[in-house]
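Residue numbers (the numbering used here), protein chains in the order written: chain A, 1 to 216; chain B, 1 to 401; chain C, 1 to 275.
Right, here's the structure in full:
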């Protein structure tokens, strides 16, 4: 492990790190925001559940590198534009989370749902103030998976020359040099771990009733 | 008043859940829908707040067809309590209770304040307001459920087997609470249960449903017990209905006999020896404590004079008859006592005398000579609401040890 | 896009060592070889874990850890090591297959173990009662019943390896990925997109074929009875025996619900693999 090399290239590595974080985080958040309404629709209207899940499944069978390359043709962007990565990963996140959101809403006790109806809640308000909060733990679990996957997927884009931590791998390969590769792996794992931890914290923070039960 | 007009519910696959139901539920009373599983009682209940929509007929509340009102708005005006409470687990108890007032536009602070008072009203410590449902016991959750239903002060309350999921001791407490609350509030309550005893205890009027959604009988509890409309109702009410019917007749003026007593912890007085020492029957004497509350019985033949009576000597007695007891309680007190003499106590639980089984039976004969007024469904709307007779004292448990 | 289509239909691209059939064969070869090795390793292991109930924590921990690992990095690292230490012919191939196998194992492993564990205990009991040995129970009863989940795991693994094999092109191996890499280097966008489309097709068609296999291989009787309501991805988390029913205040999903959601999400995510 060549620490000198690392020292000399710290700036570059940091730049790549920041870009990597950005490229992984944005699609995760976007995917979640889009998945919430879509998942709610899939949950509410059973016919749409099948349609959406099938589409999502289909999307998931497409390897990411392929998607990174094919999207520009469909969107009209340049192949080397990072936006392709963001869009592709958003689509993956979306495909994953739509099902998670739908299933999470499904796992909320029907008794509670009925209660809300009986109190006089309209469907939308019930969804937002009663069902979604209760679905947070399950959605959070799916979100963690999506976030961690995204961190790994971003590095693949190095093959297209998009700057992020994956460049450490290609550089290392070109230079026949292990240091950047190991550094890259370690940093990716770190970012993934941080994302995972942050999401867990967010879930815990937003579900005080779960904490209360544990205290009992 | 809630009225069902030829209401029926048939599911898309053809199964009839409710068959041509016509019934008038009087305002300000507890009406119980009772029957076995699959009889349509819950379905009928849920057609009142349109959780289920009828396939035929109409439901009117105070003359207005429920379908003419926007469903959520209708439901905000009706309290709804279910088994397992259905509390929102992600909200504190206070916020749960404040749900409907907030929905109706009241400020959260005002709603929470009112909720706190309501908690006290249903017998909960207001400190519980900040807890989450998962931290409460089943009985406590059920009370919160009732408080939540009461929060917007709806004129109508629907209760669907609310006490079925708790243990019998808690259930009895909750039932008593409901009776007490209703005495204060006078709401129109429709209560569903499969337990005929609960129905008889709580209901001012009972509607017995048969499997397939048919209304078999709608009458006062006394009438259902003493004059079941058909075989189904007779079977459903079950054995002991004669005995149960006794709870609707007050014990009135049963003769009370004075009773020699021995005080726990004191020596047996010398003059308490059995009159005829040769007869081989136990000679029971009632044991009381310092407050003249009954503790049990002792067979004086086993205790020499001067011997201190201890708890270990006691044979625990039967149930107690109180000042407002029914014939049923009096009879049970006599039958469950080792001496055959039922202990009667005053409001403070102090012994005032005993009743003998023979005398209770004589009183029953007297009561039967007076025929109760008949209540047919049509008559009910003209008759003023009749509260059921013969409320039980709060403790009809065995003599405490 | 039209450029890609014309590239795809250009007969010149269908011949020679850089032709589509050759590359297809290479890609398939990598995929099926590693899949085969992974099945040989993971199936018995998963069956053992499911049968005995031991080691379940290991499996889920492994799956999670692997998801966070950047496969590109892993691939390159092992390839580099191979270049420097292994003899020429398998210098790159060996490590690549190794990586593919490593990535293919978790889905097969966890699906197998969950499928076996989800077999109705009554069924197992009846089999033992009839006099079957442990091994016979496994082969004649548990495996057939767990087959849907197992095949589902193989499908996940297939997608994983197809995707990863695409990247193997970066370490100078063959397969459709070469079109993408070479196309980028040569600024030949039609080739890039064509290659990407081919990869996608390979993935989708293979997946569908495996689904067809499942349809015919699984006994028609397995639609509910012996496995609790058809083993689904929800069974990826084995309910711990004696896991408490949701208690009072239950309206929120219980911990098992959260874990199974995580496992389910993981299974979906692993279909794409970190690639």
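C-beta atoms are modelled at their ideal positions from N, C-alpha and C, and glycine is treated no differently.
Listed by chain order, chain B residues near residue 44/A by CB distance under 7 Å
Chain B residues near residue 44/A: none, gap ~16 Å exceeds 7 Å.
Contact list for the stretch 56–75 of chain B against chain A, Cβ threshold 9 Å
71, 72, 73, 74 and 75
Taking the Cβ atom as the reference point for each residue, do residue 285/B and residue 263/B lie within a distance shorter than 8 Å?
no
Taking 7 Å as the cut-off, is the beta-carbon of residue 366/B closer than that to any non-hydrogen atom of the ligand GTP?
Absent from the structure shown: the ligand GTP. Ligands present: none.
With distance defined between alpha-carbon atoms, name the residue in 325/B, 207/B and 179/B nearest to residue 347/B.
Among 325/B, 207/B and 179/B, the Cα nearest to that of residue 347/B is on 325/B.
Check whether the Cβ atoms of residue 140/B and residue 163/B sit closer than 8 Å, and answer yes or no.
no
Proximal residues to residue 147/B (C-beta, below 8 Å), its chain only, five neighbours per side dropped
Taken in chain order, the residues that qualify are 97, 115, 118, 119, 121, 122 and 124.
Beta-carbon proximity of residue 157/C to residue 204/C, cut-off 8 Å
Cβ atoms of residue 157/C and residue 204/C: not closer than 8 Å.
Can you give me, in chain order, the residues of the stretch 192–207 of chain C that have a beta carbon less than 7 Å from any beta carbon in chain E?
The displayed structure is made up of protein chains A, B and C, and chain E is not among them.
Quick check on the DSSP output: the alpha helix (DSSP H) that includes residue 202/B runs from which residue to which?
196–202
For the stretch 163–180 of chain C and the stretch 18–38 of chain C, state whether three or more C-beta atom pairs, one from each stretch, are separated by less than 8 Å.
yes
By alpha-carbon positions, which one of 25/B, 49/B, 58/B and 202/B ends up nearest to residue 7/B?
58/B
Check the Cβ of residue 85/A against every Cβ in chain C and list those closer than 8 Å, keeping chain order.
Residues of chain C passing the Cβ test: none, with the nearest at roughly 13 Å.
For residue 341/B, which residues does DSSP report across the bridge?
356/B
Taking 8 Å as the CB-CB cut-off, is residue 68/C touching chain A?
yes
Can you give me the Cβ contacts of residue 336/B inside the same chain, cut-off strictly under 6 Å, excluding the 5 residues immediately before and after it?
318 and 319
To be precise: take each residue of the stretch 141–168 of chain A, compare its Cβ to all Cβ atoms of chain C, and keep it if any distance is under 8 Å. Which residues remain?
141, 142, 144, 145, 146, 148, 149, 151, 152, 153, 155, 156, 158, 159, 160, 161, 165, 166 and 168
In angstroms with no decimal places, state the Cα-to-Cα distance between residue 207/C and residue 66/A.
16 Å
Would you call the stretch 24–41 of chain C and the stretch 93–105 of chain C touching, i.e. three or more CB-CB distances under 8 Å?
yes
So, for residue 196/B: in the same chain, excluding its five sequence neighbours on each side, which residues have a beta-carbon less than 7 Å away from its beta-carbon?
34, 236, 237 and 238
With 16 as the cutoff for other CB atoms within 10 Å, does residue 257/B come out buried or exposed?
exposed
Bridge partner(s) assigned by DSSP for residue 257/B:
354/B
Interface partners of residue 134/A on chain B, CB under 9 Å
88, 89 and 90
Using a Cβ cut-off of 8 Å, which residues of the stretch 22–53 of chain B contact any Cβ in chain A, in chain order?
49 and 51
Mind checking residue 235/C: buried by the 16 CB within 10 Å criterion, or exposed?
Bear in mind that a pLDDT of 44 at residue 235/C, under 50, signals an unreliable position, so the number given afterwards is only what the model happens to contain. Per the 10 Å Cβ criterion, buried.
From 29/A, 38/A and 42/A, pick the residue whose C-alpha is nearest to that of residue 89/A; which is it?
29/A
Pull up the distance between the alpha-carbon of residue 157/A and that of residue 49/B, whole angstroms please.
57 Å
Identify the residues that DSSP records as bridge partners of residue 31/B: which are they?
190/B and 205/B
Rounded to a whole number of angstroms, what is the C-alpha to C-alpha distance between residue 58/C and residue 137/A?
23 Å
Once DSSP output is grouped into helix, strand and coil, what is the label at residue 25/B?
strand
Minimum C-alpha distance to residue 79/B - residue among 144/B, 341/B and 241/B
Taking residue 79/B as reference, the option from 144/B, 341/B and 241/B with the minimal CA-CA separation is 144/B.
Assign residue 220/A to buried or exposed, taking buried as 16 or more other Cβ atoms, counted over all protein chains shown, within 10 Å of its Cβ.
One cannot answer for residue 220/A here, as it falls past the ends of chain A, which runs 1 to 216.
Return the first residue and the last residue of the alpha helix (DSSP H) that residue 149/C is part of.
143–167
Among 12/C, 186/C, 61/C and 48/C, nearest to residue 137/C - alpha-carbon criterion:
48/C
Could you check whether residue 43/B and residue 404/B sit closer than 8 Å to each other, using their CB atoms as the reference points?
No answer is possible for residue 404/B: the residues shown for chain B start at 1 and end at 401.
Classify residue 159/B as helix, strand or coil using the three-state DSSP reduction.
strand
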